[in-house]
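**Q**
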Amino acid sequence: MTEPTRQQFRFFHRLRVRWAEVDMQKIVFNAHYLMYFDTAISDYWRALALPYEATFVALQGDLYVKKATLEFHASARWDDQLDVALKCERIGNASMLFTGAIFRGEEHLISCELVYVFADPVTQRSRPVPAPLRDILLGYEAGQAMFEVAVGDWQRLGEGARTVRQQVFVQEQQIPIEMEQDAADATALHVLIRNRLGLPVATGRLLHPKPGVGQIGRLAVSRVLRGSQLGRAALQALMAAAAQRGDFELMLHAQSSALGFYAVQGFVPRGEPFVEAGISHIEMVHRLD
2 MTEPTRQQFR FFHRLRVRWA EVDMQKIVFN AHYLMYFDTA ISDYWRALAL
52 PYEATFVALQ GDLYVKKATL EFHASARWDD QLDVALKCER IGNASMLFTG
102 AIFRGEEHLI SCELVYVFAD PVTQRSRPVP APLRDILLGY EAGQAMFEVA
152 VGDWQRLGEG ARTVRQQVFV QEQQIPIEME QDAADATALH VLIRNRLGLP
202 VATGRLLHPK PGVGQIGRLA VSRVLRGSQL GRAALQALMA AAAQRGDFEL
252 MLHAQSSALG FYAVQGFVPR GEPFVEAGIS HIEMVHRLD
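Numbering of the sequence shown is given in this note's numbering, commencing with residue 2 and proceeding in unit increments.
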């Protein structure tokens, strides 16, 4: 393997070495490096906006590791902060080669090559890599966007929005479906984000409770894709739509666990916390200039 540099990679997964991963010399035990790359590959799929299970069900196949090779250059130690880099280097008929590297700052510690084979999940016999997956992988490495943001009415976007909302609010958070669905959907402006397979992965809506005020609600991101900027993209699309129609204030009812997410986008709390659908919330507001 040729020694890689950080500039060769678009994707990085950051982690910190835990006590349980080191030997008596406080050096990472060599088997854990494969675990680091395996953890990073899960985050790689998130960067592609692909929920792994749903993606490969849709593609009627799965990926199997054919080969994993490590090359050691220097050791990581307890409490080091590491960046695990990955790149889809080449796609053959049924296989794909990922190259990887672990960096401590600019210092290159470990190189890796991972070969995956796309195969039938029942027989485990190889199949050609589906063209949509090939296009997504090559597109990501070329710097292309991995999702599409659409803003429109319920008639146009409702089917996809309903899918995400039922996954998040009804199935995951156990909110009764009669509380999650309401008549406001018919008049609200909606945002729907789809990945490059066309799967709906995030949504939200914008109400107009009074002149000059917009109310954002039903913001939801597929569970396995949280932390991959989809929520921010959906929120910013709704904020832009509110500004375009002339709203001067935005408000929302934030679940307490999401307060930090909205604060980063400029929302500030107003009033006291309250319980809605059995979940702690607080009203937050944002002034639009």
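Backbone N, C-alpha and C fix where the C-beta goes; we use that ideal spot for every residue, glycine too. Quick caveat, the model's predicted, so the values are computed rather than measured.
Just to check, is the beta-carbon of Q9 closer than 7 Å to a non-hydrogen atom of the ligand MG?
**A** With respect to the ligand MG, the structure shown offers nothing to examine, as it has no ligands at all.
**Q** With DSSP as the reference, identify every bridge partner of T204, one or two as the case may be.
**A** Answer is L193 and A221, bridged to T204.
**Q** How would you call Q172, buried or exposed, if buried means at least 16 neighbouring beta carbons within 10 angstroms?
**A** Exposed.
**Q** State the beta-bridge partners of V123 as determined by DSSP.
**A** None, per the DSSP bridge assignment.
**Q** Taking the straight line between their C-alpha atoms, what separation do you get for A234 and Q26?
**A** The straight-line gap from Cα to Cα measures roughly 45 Å.
**Q** Starting from A86, follow the beta strand (DSSP E) in both directions and report where the run begins and ends.
**A** Its beta strand (DSSP E) spans residues Q82 to I92.
**Q** Based on Cα-Cα distance, which residue from Q167, L190, F104 and H191 lies nearest to M180?
**A** Nearest of Q167, L190, F104 and H191 to M180, Cα basis: Q167.
**Q** Helix, strand or coil, according to DSSP, for F249 in the structure here?
**A** It is coil, neither helix nor strand.
**Q** Based on Cα-Cα distance, which residue from C113, L260 and F73 lies nearest to S281?
**A** When only C-alpha atoms are compared, the closest one is L260.
**Q** Pick from R288, V269 and A21: whose alpha carbon is nearest that of A1?
**A** This structure cannot settle anything about residue 1, because the visible part of the chain is limited to 2 through 290.
**Q** With a threshold of 8 Å on Cβ separation, who are the neighbours of A59 within its own chain once the five nearest residues in sequence on each side are excluded?
**A** Only L198 and L200 meet the Cβ criterion.
**Q** Using DSSP with H/G/I as helix, E/B as strand and the rest coil, what is M180?
**A** Here M180 sits in helix by DSSP.
**Q** Given a cut-off of 8 Å, decide if H14 and A41 are closer than it, judged by their beta-carbon atoms.
**A** Result yes, Cβ atoms of A41 and H14 sit closer than 8 Å.
**Q** Judging by CA-CA distance, which residue of R224, V214, A184 and G213 is the nearest neighbour of A203?
**A** Comparing Cα-Cα distances from A203 to each of R224, V214, A184 and G213, the minimum goes to R224.
**Q** Leaving out five residues on either side along the sequence, give the residues of the same chain with a beta carbon under 6 Å from the beta carbon of E22.
**A** Within the same chain, E22 has close Cβ partners V29 and H33.
**Q** Indicate whether F119 and G161 have their beta-carbon atoms separated by less than 8 Å.
**A** Against a cut-off of 8 Å, the Cβ pair of G161 and F119 comes out as no contact.
**Q** Between the C-alpha atoms of A187 and P129, what's the straight-line distance to the nearest angstrom?
**A** About 43 Å.
**Q** Pull up the CB-CB distance for Y263 and M285, whole angstroms please, since I reckon it's below 8 Å.
**A** Sure, about 5 Å apart at Cβ, within 8 Å.
**Q** Is it the case that the segment 77-91 contacts the segment 99-107, given that we only count it when at least three CB pairs across the two stretches are under 8 Å?
**A** The segment 99-107 vs the segment 77-91: in contact.
**Q** Can you list, in chain order, the residues of its chain with a C-beta nearer than 7 Å to that of L220? Leave out the 5 residues immediately preceding and following it.
**A** Counting only Cβ-Cβ distances below 7 Å, and skipping sequence neighbours, we find G205, G232, A235 and L236.
**Q** Taking the Cβ atom as the reference point for each residue, do G144 and R246 lie within a distance shorter than 8 Å?
**A** No, the Cβ-Cβ distance between G144 and R246 is not below 8 Å.
**Q** Taking C-alpha atoms, which residue in P133, L138, P177 and R195 lies nearest to L158?
**A** Selected option, being the one with the closest Cα: R195.
**Q** Going by alpha carbons, who is nearest to Q266 out of V165, Q175, A255 and Y117?
**A** Answer by Cα proximity: A255.
**Q** Using 10 angstroms around the beta-carbon of G279, count the other beta-carbons present and answer buried if the total reaches 16, otherwise exposed.
**A** Exposed: under 16 other Cβ atoms inside 10 Å.
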